[in-house]
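Read through the structure below, which is laid out as structure tokens, and then see the notes.
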Amino acid sequence: MDVLIIGGTGLISTEITRQLVDAGHDVTCFTRGETDAEVPKSVQFVYGDRDDHEEFVEQVADLDVDCVIDMVCFDAETAERAIEAFAGEIDQYIFTSTIDVYSRPLDTNPVTEDAPREPPTSEYGKNKAAAEDVFTAADGEAFATTIIRPWSTYGDQGPVLHTFGDGTYYLDRIRKGKPIVVHGDGTSLWGPCHREDVARAFVSAVGNERAYGETYHVTSEEVITWNQYYRIVADALDAPEPELVHIPTEQLLEADPERRHLLENHTYYATVFDNSKARRDLDFEYTIPFSEGVSRAVEWLAANDEIEPWDSERDDEIIDAWREAMGAFRSAVNDEA
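Note that the sequence shown covers residues 1 to 337 in full-length UniProt numbering.
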């Protein structure tokens with residue numbers, strides 16, 4: 001098929017582009033041209049800004065494509081403009097959404113695709129859910145709609161996330177045996193999925209009539225605790241057993257508001273997502289265990305000098321303050337006794 005990827009050079013989309021070509025599709029990427037990516041020479045590029053809607057419509061009108069994969073639609077208005085540009089011109093529109101559309105904490109796990117989306121957990125999730133609604137309403141009229149919701153995705157160059165986000169300094173902390181901040185007691189759950197596995201599901205959805213009008217999770221099937229996560233990362237770095245300092249999540253949110261985004265909207269919650277629909281319709285497989293994938297990632301980061309110094313952030317200050325507070329708490333309790 002002729003496939004247009006809006007995006008095409010990002011974390012997931014670069015791998016989708018590669019795999020589409022390997023599968024025999026003709027691929028065009030619409031990008032701003034601001035990100036370099038290694039993709040097959042057969043890939044065609046159209047450079048532009050989709051937010052300049054009139055120019056975008058003119059540019060895509062010259063393309064003869066069967067399927068669009070949209071990696072960079074983040075709200076309902078952009079979705080409506082996409083329908084205006086492609087209605088009646090293509091067979092299928094694959095919208096990249098997110099598990100952030102769900103209201104959390106959820107009542108039951110594992111989470112299925114029909115779980116509640118209200119009230120929204122974040123503004124980002126609220127906007128993605130609104131875009132989903134626009135594309136769902138267009139299904140069967142403007143084109144066939146397929147929605148894919150990834151979770152935490154990484155590649156051979158990262159990111160290797162942690163309690164405070166995606167800063168690589170904590171990898172240096174682990175290498176040097178420095179204590180690591182862990183939110184809560186470290187038993188909440190997280191599920192990284194390598195982009196090669198995520199991309200394979202997107203490629204399988206292209207032209208797949210079973211996927212028309214459907215929504216899918218494409219997430220990890222190896223859900224681990226954060227304590228396990230940090231130990232696996234330490235093994236990948238050939239580092240000693242990490243010293244994990246557990247601090248209540250609510251205290252961390254107050255202590256470091258500038259780095260609260262990932263913690264507040266993502267890692268705060270323990271969730272497990274059901275991939276059974278993607279396994280059934282998209283032949284989704286989880287083939288790269290986290291131990292293998294993170295080993296590849298930290299090897300690349302180290303080889304390319306992309307790991308920041310261990311003291312780039314204020315983790316030691318937070319750890320020292322927490323330990324001092326807990327010492328005062330224990331003393332007060334013991335004095336009362």
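For every residue, glycine included, the Cβ atom is placed at its ideal position computed from N, Cα and C.
These numbers were taken from a predicted model, which means no experiment stands behind them.
Check whether residue i and residue j have beta carbons under 7 angstroms apart
i, j, result
"residue 201", "residue 290", "no"
"residue 175", "residue 239", "yes"
"residue 223", "residue 272", "yes"
"residue 318", "residue 255", "yes"
"residue 27", "residue 60", "no"
"residue 307", "residue 168", "yes"
"residue 172", "residue 300", "no"
"residue 217", "residue 275", "yes"
Where the beta strand (DSSP E) containing residue i begins and where it ends
i, result
"residue 244", "244-247"
"residue 70", "67-70"
"residue 214", "214-218"
Delimiting residues of the alpha helix (DSSP H) encompassing residue i
i, result
"residue 230", "226-236"
"residue 164", "That residue, residue 164, is in no alpha helix (DSSP H); it is neither H nor E in DSSP."
"residue 124", "123-138"
"residue 319", "315-336"
Inter-residue spacing [alpha-carbon to alpha-carbon] between residue i and residue j
i, j, result
"residue 1", "residue 73", "22 angstroms"
"residue 83", "residue 66", "14 angstroms"
"residue 6", "residue 206", "14 angstroms"
"residue 134", "residue 209", "20 angstroms"
"residue 9", "residue 102", "27 angstroms"
"residue 34", "residue 324", "47 angstroms"
"residue 117", "residue 294", "31 angstroms"
"residue 62", "residue 94", "20 angstroms"
"residue 165", "residue 40", "32 angstroms"
"residue 242", "residue 213", "46 angstroms"
"residue 43", "residue 155", "21 angstroms"
"residue 297", "residue 260", "24 angstroms"
"residue 185", "residue 100", "23 angstroms"
"residue 36", "residue 245", "38 angstroms"
"residue 335", "residue 132", "58 angstroms"
Residue from the options whose Cα sits closest to the Cα of residue i
i, options, result
"residue 267", "226, 237 and 300", "226"
"residue 139", "88, 163 and 121", "88"
"residue 17", "149, 70 and 260", "70"
"residue 148", "158, 137, 199 and 215", "215"
"residue 54", "80, 85 and 197", "85"
"residue 111", "142, 123, 277 and 245", "277"
"residue 113", "146, 304, 122 and 81", "146"
When you compare the segment 12-24 with the segment 47-56, are there three or more beta-carbon pairs, one atom per stretch, that lie closer than 8 angstroms? In this structure the segment 12-24 does not touch the segment 47-56; the number of beta carbon pairs closer than 8 angstroms is below three.
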